[in-house]
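Here is the structure we will look at.
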Amino acid sequence: MAGGPQRLASGGATIDRGAPVRFTFDGRRLDGFAGDTLASALVANGIALVGRSFKYHRPRGLLGAGAEEPNGLVRLGAGSAVEPNTKATLVELHDGLVSSSQNRWPSLAFDVQAVNALLSPFFAAGFYYKTFMWPKSFWEKFYEPAIRRSAGLGRASGLPDPGRYDKVNAFCDVLVIGGGPAGLMAALAAGRAGARVILAEQDFVLGGRLLSERHEIDGMPSSAWSAQAAAELDGMPNVTVLRRAAVFGSYDSGTFGVVVSAAPGETGPRQTLWRIVTRSAVLATGAIERPLVFGGNDKPGIMLASAVRSYVNRFAALPGQQITLFTATDEGWNTAVDIAAAGGRVVAILDTRREVSPQLRALAPAAARIFLGADIKAGRGRLRLTAIDVVDRDGRAERIATDCLAMAGGWTPMGGMAIHLGGRLAWSERIGAPVPKSTPAMRIAGAAGGQLSLAESLASGAEAGLAAAEAAGHAAAAMAIPRSSDDVVTPFQRRPYAKTRRPAFVDFQNDVTAKDIALAVREGFAIPEHLKRYTTLGMGTDQGRTASLNAIEILADVTGHPSTELMPTSARPPETPIAIAALAGASRGEHFRPKRLPASHDWSAAHGGSFTEAGPWMRPRWYTRTGEADWLTTVNREVTTVRTSVGVCDVSTLGKLDLSGPDVAVFLDRVYTNLMSTVPVGKVRYGLMLREDGFVLDDGTAARLGETHFVISTTTANALRVTQHVEYCRQVLWPELDVSLVPVTDQWAQYAIAGPRSRDLLQALLGDRIDIGNAAFPYLAVKAFDWDGVEARLFRVSFSGELAYEIAVPASVGAAAFERLMDACVRLGGCAYGTEALGVMRIEKGHVAGSEINGQTTAADLGLGKMLSAKKDFVGKMLAQRPALAAADRPALVGLRPVDRAGRFSGGAHFLAPGATPSIEADEGWLTSVAFSPSLGHFIGLGFLRNGARRLGEQIRAYDPVRGRDTLVEVVPAAFVDPEGARLHV
Amino acid sequence: MSDGWTRPAPAFPAFPPRPGLAVEEIVGRSIVTVVARAGQEAALRAVVETALGVLLPEGPRRVAGQEIAFIGIGPGKWLAIGLPVAALAPLADVAAIVDQSGAYGVLSLTGAGARRLLGRAVAIDLDDAAFGAGSVATTIIEHVGVTLVRTAATPPAYELYVVRSYARSLAHWLHETMG
Amino acid sequence: MRILCPYCGERDAHEFSIRGEAPMTRPVVIGVPMAEAVAALHDRRNPPGRTREFWYHGAGCRSWLLVDRDLRTHEVFGATLASGAF
């Protein structure tokens, strides 16, 4: 038979018999049709065994036909594109699909770890907590590796994912979640009213149960009606229909997460994350059927009755030759009707109820035997169901041969998404299940809200769609509800759970049995949330969709509590498993974090630059020259060149804020610890800012370009933080001050020119365009000038401690300016220098940086106490005087050098008195910054030492157990090179 | 001696054209931040109208005159596009005038594909009803701050302002997302 | 969560950074005695419900906002510019 041996000769709502498809499962070449799922194609090929269970490695077959599937987890693809843990029921079959079963070795039919099943007494509820407790030393060496080897579901490829992922932002008035009868009606109602609608359906075809049932709507088969509705929706410009779209979470303010997968063969991203913001949502996710709990209810071939109807009606695949039905509901009987109509054989119908109506009995196929008040004592068979042991209300016991049993145990509404944001469920006696409540933000329609019949579904969908559209301002006339061949819902009857010696599974995916639940209760875990943690019931990729209500009923039986007082565990996102890659979208590799590049970047890359991250910026660490053996050689050369000749460094990454207005000087006096109102026009002053709590926020410079115009600089790392702080001061604290703030970090490319020959360099480059003689342009001068048609600014500031300048030009000509500077620099024998040389020189000068201004240090700690002006108040002044911040014995900044000059130490080492035993109590401070100083020929460091200022000349230990060092060091003033600053003023 | 070095460098690499989407850099455009002094917004409005013949937009909108367009980027804050900073001198008594021509890279995105591409980029509603011609949004694309301007309704045309240092990262992302 | 910025319109919360609960009157940080400075920085009512907070629209118009929000449900009732609000 084309499309598999178990394929029916006709029928099948979604399969395309004109499009045969070949695929493989565990290496077997098989046939199916386009429109099949992998699961339906396996059924059509007579394959019942699809996987092994998680804990006991029991043979398992398909239980469901949709998102509820706990057993049929497969691995798709090969090589790096492999995707484990995919539900076969959701995989759209396509030509060349490669699939394999999981959780078995060496083969599905013969699995070594199935021995676990024999050991099942040891694997009962809570076995992790009980078994691996002792001896303690066994944990790392034995238990953990052993558990890791055998635990978990499928395996990932371990290779980079070759797929492309993307993100989309979308906005709508009404998001309809689910494209079954209720969802279609909701989307039609809202769409016809003119609202912007997005309909998201997990399946690749709209229709939901309409595709799987033989109902009629408006006189046509329900699947034809749904195709017609889908066509109308596809044609509406204000409606977006997303197929293959898994809505996985409901978030604040009407935001939903949806992962949309590409159709087989579609080019472009493999999956796209849609972030949908909607005014309101309609939840129409339907309900899924409950299995019945009995001994051996997990044999391959035992399925949900609704799944059997899906395979027969939607896919024309017959799941067995001798089918039996085990039902607790009226609609279960439809299964027998549908199988018979398709030409299949129903050998017996078992109803758990003691009485059923004559009309129901009349539905049974003539050949089917009927058992009322029935129970199944055991499902039999090894790799496939072969028989069931039945007992009925009269005690009649019988073994019936069967290869497929359909179970109908009532319905569980899929209302999880309604409680992501804290919504509540209410118990419905009518359907014997908790259902979510509608809110204006999320209206519940159809079976998700307990409206189980088709008529109820259609009506509640239309009502919800209209109400949602109306709430978004799109009024519409009431909508005609199509007539449907109604399936009346008889109220649900609880079925007491018979005790059985055989494992009767409640949670198939996690191998949790009825006995495990009873055991958990005996051990004190007697409410659903505790039960879940203790037994793992409800965890895993199916999140207990088929398990939660049966667990509650058994819990009720065991504890004597009414089940209506027990609520299922809270649902949280993700509602359905999604790939991490889909969440990342394109934000991986290069785009994990965007990079900022200064204008000199290309020059640096072409001249040996090796780059490092500085906040979001990429900065050159150093510029390697041919023949330099290691980075230290390079950095030593750069430092020595600056100290003896001249070097150029890009400092554009420092934050720059343009502040102007009549009150700008008053404002800066309040923001900085030192006075800025006294800075003359044309001068720069070093400044310090405190946080409100009195700790140091940042340091930088303030350059006064005009009476009411400053440009201030921040450190690279703190640029955004300082901007936010200054905006807070301006907008919140003192809105009455007239000050404008414009960030100009990107406007200006700024280059430091440092070294005794820096003036020569500028002289050669700028000639008489600006007078840079020491008298006309002294230390801390600033001046704007015209550089051959470019507006430029020159600052005489120094971070290296040498005679130095910074020149700023608009960043759009920054690359050209850097080349000009480097031409002139190289001609003088100078070089470009990177952040490492910059760091060495600032440590040689005792200038603090990020390692010292770390958010835990005060101005006094940094040796900058004198910068706290006594003449005025400023942000943080009062709180900096709190006792703990002002304590005299706080660790304070000192310089350190090894007593044996050949010795070395590293940042992070802690200070100990000679002879002290290392302990927290003996700790006297720590090293923050260390460098090899080529100027001095030995290592130097900065650190915070208790009472530091009064301990110059002392010898202490820099104790560094991480690197195995213990170095005797001498406490010295923090400035190692030119401590008087004479070089700045030449 | 001006040897042409004052010519601004492009901030972006070139974007090859794609069906329904043209992405081009606008190089060398004058961009000036204008911030009204405290309590001077009405005065600024009057000066802009008389001196430049443009009505300053309220809120995040773009208003274009003959030679200059204003883009609202915050309360009392605009980007003035098209005229060099010197031409804005008449505004200096009532506003801060700060040249930012070097700070931004500017892209023009045109065509039906532009809307689709930007829908992947920004978390704001780009529907015609919500973001028609003249709309402005300062927001982020993949962690990068941008100002997005809808310059024309049909075919959809946008301008994207991004600080120069981030231009290449953004370009790389656009290249990948354009496919 | 989405916040209706009075200038930019409705935006996702990740464009903003939160500073915390806002006092009823404008915070004063200079020229006040120690006890007041400490209280201004640290004392919070932290009510289980509706409250007013400082948020900064750093990725948008760079305005400091006062956002009226329910801490339990994350419902945002409105936002105003902090400048001139006190």
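Residue numbers (our numbering), protein chains in the order written: chain W, 8 to 993; chain G, 43 to 221; chain A, 84 to 169.
Even glycine gets a Cβ: it sits at the ideal position worked out from N, Cα and C.
No experiment lies behind these values; they were computed from the predicted model shown.
Burial check for Ile101(A): the Cβ neighbour count within 10 Å stays below 16, so the residue is exposed. With a beta-carbon spacing of about 19 Å, Asp705(W) and Val739(W) fall beyond the 8 Å limit used to define contacts. For the 7 Å CB-CB criterion, Leu45(W) and Ser106(W) form a contact. DSSP lists Gly58(W) as the beta-bridge partner residues of Arg67(W). In the structure shown, the three-state DSSP call for His608(W) is helix.
Boundaries for Ala989(W): no beta strand (DSSP E) harbours it, and the DSSP string shows neither H nor E there. Looking from the CA of Val906(W), the closest CA among Arg766(W), Ala965(W) and Pro581(W) belongs to Ala965(W).
Glu67(G) counts as buried, since no fewer than 16 other beta carbons sit within 10 angstroms of its beta carbon. In the DSSP annotation of this structure, His732(W) is not part of any beta strand (DSSP E); the continuous alpha helix (DSSP H) holding it starts and ends at Ala726 to Tyr735. With at least 16 other beta carbons inside 10 angstroms of its own, Asp382(W) counts as buried.
By the criterion of a C-beta distance shorter than 8 Å, Phe702(W) is surrounded in its chain by Gly862, Gln863, Thr864, Thr865, Gly883, Ala887 and Leu892, once the five residues flanking it on both sides are discounted. Nearest to Gly11(W) by alpha-carbon distance, out of Val289(W), Val28(W) and Val519(W), is Val28(W).
Exclusion of the five residues before and after Asp753(W) leaves Ala818 as the residues of its chain whose Cβ lies within less than 7 Å of its Cβ. Under the Cβ distance rule, Tyr200(G) does not count among the residues neighbouring chain W, no pair being separated by less than 7 Å. Within the segment 811-832 of chain W, those residues whose Cβ lies closer than 7 Å to any Cβ of chain G are, in chain order, Pro817, Ala818, Ser819, Val820, Ala822 and Ala823. Residue-level contact check: Leu432(W) does not touch chain A, since none of the beta carbons of chain A fall below 7 Å from its beta carbon.
Distance from the CA atom of Pro941(W) to the CA atom of Gly846(W), rounded to whole angstroms, is 12 Å. Between Ala207(W) and Asp180(W), the C-beta gap is not smaller than 7 Å, which leaves the two residues out of contact. The beta carbon of Val150(A) sits no closer than 7 Å to any beta carbon of chain W. The beta-carbon of Gln863(W) is placed no less than 7 Å from the nearest beta-carbon of chain A. Our two residues, Ile22(W) and Gly423(W), have alpha carbons roughly 30 Å apart in a direct line. Sequence-distant Cβ neighbours of Ser260(W) in its own chain, meaning closer than 6 Å and more than five residues away, do not exist here. Within its own chain, the residues whose Cβ lies closer than 6 Å to the Cβ of Arg316(W), once the five positions on either side in sequence are excluded, are Ser219, Thr342 and Asp345, listed in chain order. The beta carbon of Ala171(G) sits no closer than 7 Å to any beta carbon of chain A. The C-alpha of Gly350(W) lies about 12 Å from the C-alpha of Asn320(W).
Taking the CA atoms as reference points, Glu338(W) sits about 15 Å from Thr331(W). At least one CB of chain W lies nearer than 7 Å to the CB of Arg79(G). Here Pro898(W) is near Arg953(W), since their CB atoms are less than 7 Å apart. Exclusion of the five residues before and after Cys144(A) leaves Cys88, Tyr90 and Cys91 as the residues of its chain whose Cβ lies within less than 8 Å of its Cβ. Look at Pro197(G): its C-beta is not under 7 Å from any C-beta on chain A. Within the same chain, Arg282 come within 7 Å of Asn176(W) by CB-CB distance, once the 5 residues on both sides are set aside. For Gly302(W) against Arg509(W), the beta-carbon gap comes to about 3 Å, under 8 Å, which counts as contact. For Ile113(G), none of the residues of chain A pass the 8 Å Cβ criterion, the least Cβ distance being about 12 Å. Of all C-beta pairs linking the segment 129-140 of chain G to the segment 75-83 of chain G, three or more are shorter than 8 Å, placing the two stretches in contact. Gly95(G) is not a Cβ neighbour of Gly114(G), given a cutoff of 7 Å. Residue contact with chain A for Ile182(G): present (Cβ-Cβ distance below 7 Å to some residue of chain A).
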